[in-house]
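Quick note, this note's numbering runs 837 ahead of the 1-based positions in the first sequence.
Since the structure comes first, as C-alpha cells, the remarks are kept for the end.
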Amino acid sequence: MQGILDNLNPEQLKAVTLARQCALILAGAGSGKTRVLTTRIAYLIQTGAVSPAGILAVTFTNKAAREMLTRLSAMLPINTRGMWIGTFHGLCNRLLRIHFRDADLPQLFQILDSGDQQSLVKRLAKAQGIDEEKFPPRQLQAFINNCKEAGLRANAVEASDEFTRRMVTFYAEYDAQCNREGVVDFAELLLRTFELLSKNLDILQHYQARFRYILVDEFQDTNKLQYKWIKLLAGTNGCVFAVGDDDQSIYRFRGAEVGNMNELVRDFAITDVVKLEQNYRSQGNILDAANAIIAHNKARLGKNLWTAEGKGEPLRVYAAPNDEDEARFIVEEVRSLNREGIALSDMALLYRSNAQSRVLEHTLFRASVPYRVYGGLRFFERQEVKHALAYLRLAANPDDDTAFTRVVNFPPRGIGTRSVEQLQDASDQGLGSLMHGARTGIVGGRSGAALKQFVETIDALRKSSETLTLPELVEEVLERSRLKDHYGAEKDGQDRLENLNELINAAAAFAEDFEHGLEPAGEAQEDVANAGTPEQQILAAFLAHASLEAGEREAAAGQDALQLMTVHSAKGLEFSAVFISGLEEGLFPHENSMLEDGGVEEERRLMYVAITRARKRLYLSYAGSRMLHGQPRYGIVSRFVEEVPAQLCKWLVLPEKQFENRGQTTFFRGGEKRGLSPNWSAGGGRAPQADPGRYRSAERATFERQRPDEQPFSIGQNVRHAKFGDGVVIDFEGRGLDARVQVRFASEGTKWLALQFAKLTAV
DNA sequence: TGTACTTAAGTTTTT
DNA sequence: CTTAAGTACA
C-alpha cells in the first residue's frame, strides 16, 4: 500500500486518496496527471473500495488507454481484463456489441471511419441530386457529426432557414441509409449508446450499479454528448473523477467544450477542485514563459505552474529573413545540440500546420539529419488495406454498400459507373442493398455477368468466414479478390503487397489476443447470448478494431531521429529540446482563427501546449517571408513571441537588424475578435528586405560554408534506405532536385534512386 | 472503361 | 508548390 503512494506530492496524494466523492483535478502540463489517474485506480482497488470490475476509465486515444493499462499492471498484480478502460468509442462499441438487439443494430454491425462516412455522404448526395456547390459533402458530413455530437437526432434539430432545413432532411436520410446498411459512424457509436441507456432503464441501472467509479482523462476535450454520457452512467450515486486542464483545451474545432468543466463542478456539486501545479518537466524560464503567455487569456479556471528546478537556459528566439533560412538555422542548432549529447529523438520540431514540414524536411534531408514525421497515413487507412477490409466487410455484412462500391470494380473487372448507377437507382427505389440488386440480375449484358461473378466471390468468402480462422480468411480474401495478383502485376505494387501480407499478420495477432481475452471484445463475447459462429464473431471484432484503432503511424527505422510534428500531435509528449517554428501572425495564430470568437485564445492555448513540451531548451523562430502555395507571403512576428517577457529570451539575431524597413511596409495586426484586416500581405506586396549590408553578407558567408551539405552523398559513402536497408553509393549524377545516386544494397542489389523521393540517410 | 490532362484549392485531429 | 478531383479523349 505504502508503495504506490510513495513520492506523491501533497496535492497528488490528496487527489489519489479522496474519499468517495466526485472530483475535478485541474492538472497542469507535466504535473503527473497520468500518474495520479492510474494511482487513483490502484488505490481504490487496493483499499477494497471497489473491485476491478467496478472501474470505468475513459480516455480519448487508444495510446492513452494502453498507457494506463500498462502502468496499472505494473502497480498491481491483478488481472486487468475485467476492467473497462478504453476510449469513449471503444467502450461504446463494447456496449453496443453486447446489447445489439436493444440498440436496434444487426449483430455484426460495421463501423464507418471518416473516409467511409464521406463516401457514403457523397454517394447519397449524388443519388438525391443535391447540388454539390451549395452543399459540399464535407460540410454535410460536418453538419451531421456536429448534430450527433450535440446529442441531436434530425427530428430534434431546429432549422430556421431553408439551407439548414435541407441539411436536416439530408441528415435524416443519411441515418436511414446507415440503418439499412447496418453501419454506424463514430459519432453514432456514442449517440446510439446514449440512447440505449436512456431508453432501457434496466440496462442503465445495471451499469450504474456496476461502475461505482468513473474516471475521465483529458476532461477538457469532452464534447456535449460525451459529457451527457458520463452524467447518465454516473447517475445520482456514481463517483466521477475527472482530470483535465482548461489551458490545454485545443480541440474546440471538433466539438470539445471546455465549459464541461464548469458544468461538472455545478452538476456534481464539487466543492473543492484539486489543482496540480507543480511541474516536473520544464525548467523555470520555460515555465515562466508559458505562464506569461497563458495569462493573456481571460476566463481561465486559474492555475500557475511552478517548478522546484532552477531557471535553466533562456529561450532562444531567432528572426529569419525567410523560411529556408529558418530551417537552416534550426538544422544547425539541432546538430549542435546533438553534438552536445542530446539524442535526436529527444528533440522535437513543431509547427502549426502540416504544410510547413516540407521546407524543414528538405533542409534536414540535405544536411543528412535523420528525422521522423508524425501524421502520415496509418496502416488501416492505406488504400490496399482498405480494399481488403472491404471484402471482409462484405463477407460479414453483404448490405454494406460503402464496402460494395469500394471494391465492386476493384481490381477492375469490367463493372463501370453505369452499372453501379443502375444498381443505385434500383436501391433508391427501395429494392434493397446494392448487393441484393447485383444478385437479382438487374444489370444485364457483360457487366451483369461480371457482377454475378463478383457476387459469387463474396458468397464464397462468406462461406469461408464461417469456418476459416481469421488469418486464413484474410489470405483467402487476398487470393479470391485477386488483389494479390493485381498489386503483384503493378510496377510499384511491392510496398502494397507487403502491407497486404502485414494484414495477414495483423489478423493472426488479433485472433491470438482475442482467444486470450486480451482484446476487450473477447470478454464481451461471453455476454452475448446468440452469437453466430465464433469465427464470425472474431471477424466482426477485427473489423471494429480496424476502424477504431487505425494502427500505429508508419514506423520508421529504429534509428535515432529528430521528431517532426504539428503542435496538436505533440500534446502529451515531452522533449529535452523543442523548436517552435513559423511564429508569424496569420500562421500561428492562424489567420482563420482570428475570425472566430475566442479563436485566438484557443491558438494561445496551443502555444501554451507547445511551450510546455520542452524540458531544457526552447527555441522560437519566425520568418520574414515564406513560400505559401508557390508564392511568397510576408509576415510579421507572432503576438505570442511578444507576449514572452523579454528577460526570458535571448535573441539570436536582433529583429531590427533584419527588418530595417519594417516601418515603411504596412502590416496589419488583427484584433483578438474582429481581425478584419489580413495579417498576410499577398505575393505582390513589399517584402521586409534584409539589411543589404552587414547582415546579408554575414548570412551569405554561412551559406557558403554550408555548400558541401547540399550534396550529402559521395561515392563510397554508406547509406541507409527505409525499405532496401544498408548500402554503399557507387555512382552519382545531376544536381539539386534532379540528383540521382546509384546505390549497391547489401540485400537488394544495385538501384538508381532519385534523391528527391528516396529517403536515404547517411550512416 | 481506363488513362492523361486540366483545374481548383489548400488549419489543427481522434475515434 | 502539391494534391486531389474532375473532364476529355483513346
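Backbone N, C-alpha and C define an ideal beta-carbon position, used for all residues, glycine too.
| If you draw a straight line from the C-alpha of N844 to the C-alpha of V1446, how long is it? | Distance between N844 and V1446, taken at the CA atoms: about 26 Å.
| request: Kindly indicate which three-state DSSP category I892 falls into: helix, strand or coil? | output: Strand at I892.
| Shortest alpha-carbon distance to A979 belongs to which of L961, L1305, S951 and I967? | The shortest C-alpha to C-alpha distance from A979 to any of L961, L1305, S951 and I967 is the one to S951.
| query | Quick one: what does DSSP say R1215 is sitting in, helix, strand or coil? | reply | Strand, per DSSP.
| request: Tell me where the beta strand (DSSP E) around Q1468 begins and ends. | output: Q1468 -> beta strand (DSSP E) spans Q1468 to Y1471.
| message | Can you tell me where the alpha helix (DSSP H) holding K1036 begins and where it ends? | response | F1023 to K1036 is the span of the alpha helix (DSSP H), which, as asked, contains K1036.
| task | Tell me, to the nearest whole angstrom, how far the beta carbon of S1194 is from that of D1236; I am working on the premise that it is less than 8 Å. | result | At roughly 41 Å, the Cβ-Cβ gap does not stay under 8 Å, so S1194 and D1236 are not in contact.
| said: Using 8 Å for Cβ pairs, my map puts R1283 next to G1251. What's the rounded Cβ distance? | reply: Between R1283 and G1251, the beta carbon gap of about 6 Å places them in contact (Cβ cut-off 8 Å).
| Start-end ranges of the beta strand (DSSP E) lying completely within the region 1280-1318, minimum 3 residues | Runs of the beta strand (DSSP E) inside the region 1280-1318: none found.
| message | By the DSSP assignment, the beta strand (DSSP E) with I1167 in it spans what residues? | response | Run containing I1167: none in the beta strand (DSSP E); it sits in the alpha helix (DSSP H), D1160 to R1176.
| Among L893, R872, L1070 and T884, which one has its Cα closest to the Cα of A911? | Per the C-alpha coordinates, the member of L893, R872, L1070 and T884 positioned closest to A911 is R872.
| field | Beta-carbon proximity of L1113 to A864, cut-off 7 Å | value | Their beta carbons are under 7 Å apart, which means L1113 touches A864 by this criterion.
| Counting pairs of Cβ atoms below 8 Å between the region 959-970 and the region 1001-1014, do you hit three or more? | These segments touch.
| Do the region 1052-1059 and the region 887-895 meet, that is, are 3 or more Cβ pairs less than 8 Å apart? | Taking one beta carbon from each stretch, the region 1052-1059 and the region 887-895 have 3 or more pairs nearer than 8 Å; the two touch.
| request: Look at the alpha carbon of T1539 and the alpha carbon of Y1088, and state the distance between them as a whole number of angstroms. | output: At T1539 the pLDDT is 26, less than 50, meaning the model places this residue with poor confidence; the figure from the coordinates comes in the next sentence. C-alpha separation (whole angstroms): 41 Å.
| query | DSSP state of K851, grouped into three classes? | reply | The answer is helix: DSSP assigns K851 an H, G or I state.
| message | Since L1027 and L1062 should fall inside the 8 Å C-beta cutoff, what is the C-beta to C-beta distance between them, to a whole number of angstroms? | response | The Cβ separation is near 5 Å, so the contact holds.
| query | For the 8 Å Cβ check, are there 3 or more pairs between the region 1113-1122 and the region 1145-1158? | reply | The region 1113-1122 vs the region 1145-1158: in contact.
| request: Check the C-beta distance from D1125 over to P1482 and give it rounded, since I have them as a contact under 8 Å. | output: Correct: roughly 7 Å between the Cβ atoms.
| field | 7 Å Cβ shell around D953 - same chain, five flanking residues per side excluded | value | Correct list, in chain order: T1239.
| Can you give the Cα-Cα distance for A1346 and Q1266, rounded to whole angstroms? | C-alpha separation (whole angstroms): 43 Å.
| query | What is the C-beta distance between G1075 and F1031, in whole angstroms, given that I count them as a contact (C-beta under 8 Å)? | reply | The distance from the Cβ of G1075 to that of F1031 is about 15 Å, inconsistent with a contact at the 8 Å cut-off.
| query | With a CB to CB cut of under 8 Å and the five nearest residues on each side skipped, what residues in its chain are close to V1314? | reply | Correct list, in chain order: A1225, Y1228, L1229, A1232, L1298 and L1320.
| query | From K985 to L1187, what does the alpha carbon distance come to, in whole angstroms? | reply | Rounded to the nearest angstrom, the two C-alpha atoms are 33 Å apart.
| task | Would you kindly report the start and end of the unbroken beta strand (DSSP E) that includes R1463? | result | Note, R1463: beta strand (DSSP E), A1451 to L1465.
| task | Please report the Cβ distance between R1333 and E1411, rounded to the nearest whole angstrom; I am assuming they are in contact, meaning their Cβ atoms lie under 8 Å. | result | About 36 Å; that fails the 8 Å criterion.
| query | Taking the continuous beta strand (DSSP E) assigned at S1413, which residues delimit it? | reply | According to the DSSP assignment, S1413 belongs to the beta strand (DSSP E) that extends over F1412 to I1417.
| said: Under DSSP, the alpha helix (DSSP H) around Y1208 begins and ends at which residues? | reply: Taken as a continuous stretch (DSSP letters only), Y1208 belongs to no alpha helix (DSSP H), being part of the beta strand (DSSP E) at Y1208 to V1210.
| query | beta strand (DSSP E) containing V1387: first to last residue? | reply | Here residue 1387 is Ala; the residue named in the question, Val, does not match the sequence. Note, A1387: premise wrong, no beta strand (DSSP E); not H, not E.
| task | Note the first and the last residue of the continuous alpha helix (DSSP H) segment covering C929. | result | Its alpha helix (DSSP H) spans residues F925 to I935.
| Who are I948's beta bridge partners in DSSP? | DSSP output for I948 lists V1021 as bridge partner(s).
| request: Go through its chain and collect everything with a Cβ distance to G1285's Cβ below 7 Å, but skip five positions before and after it. | output: Once the five neighbours on either side are set aside, the close Cβ partners of G1285 are G1278.
| query | Distance, Cα to Cα, E1480 vs Y1459? | reply | Separation of E1480 and Y1459 (C-alpha to C-alpha, rounded to the nearest whole angstrom) is 15 Å.
| Among Q955, A1185, R1176 and Q1331, which has the Cα closest to the Cα of L977? | Ranked by Cα distance from L977, the first of Q955, A1185, R1176 and Q1331 is Q955.
| request: Could you round the C-beta distance between V1280 and L1288 to whole angstroms and report it? I think they count as a contact, below 8 Å. | output: Confirmed, about 6 Å.
| query | Can you tell me the Cα-Cα spacing of N1429 and G1423, whole angstroms? | reply | Spanning the two alpha carbons is a distance of roughly 8 Å.
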